[in-house]
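Note sheet for the following structure.
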């Protein structure tokens, strides 16, 4: 005689489907933190480029008076 298939447990959470959104990757801590500062990465790159250009190309040449 074959073993019958196991029956599902009776203590299943009825709210599991409604709480599943909390485990979605969009709502992770990392995603929430990165969306707090949406333009921060672009601003860092732009500021770094500005400082490099300013120091290398637009710096005042020492003048001999």
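Numbering (our numbering), first residue to last: 6 to 70. Here a beta-carbon is modelled for each residue, glycine too, at the ideal position from N, C-alpha and C.
DSSP places residue 18 in no alpha helix (DSSP H); its state is neither H nor E. For residue 36, the enclosing alpha helix (DSSP H) begins and ends at 34-39.
Counting only residues of its own chain and dropping the five nearest sequence neighbours on each side, residue 11 has no CB closer than 6 Å to any other CB.
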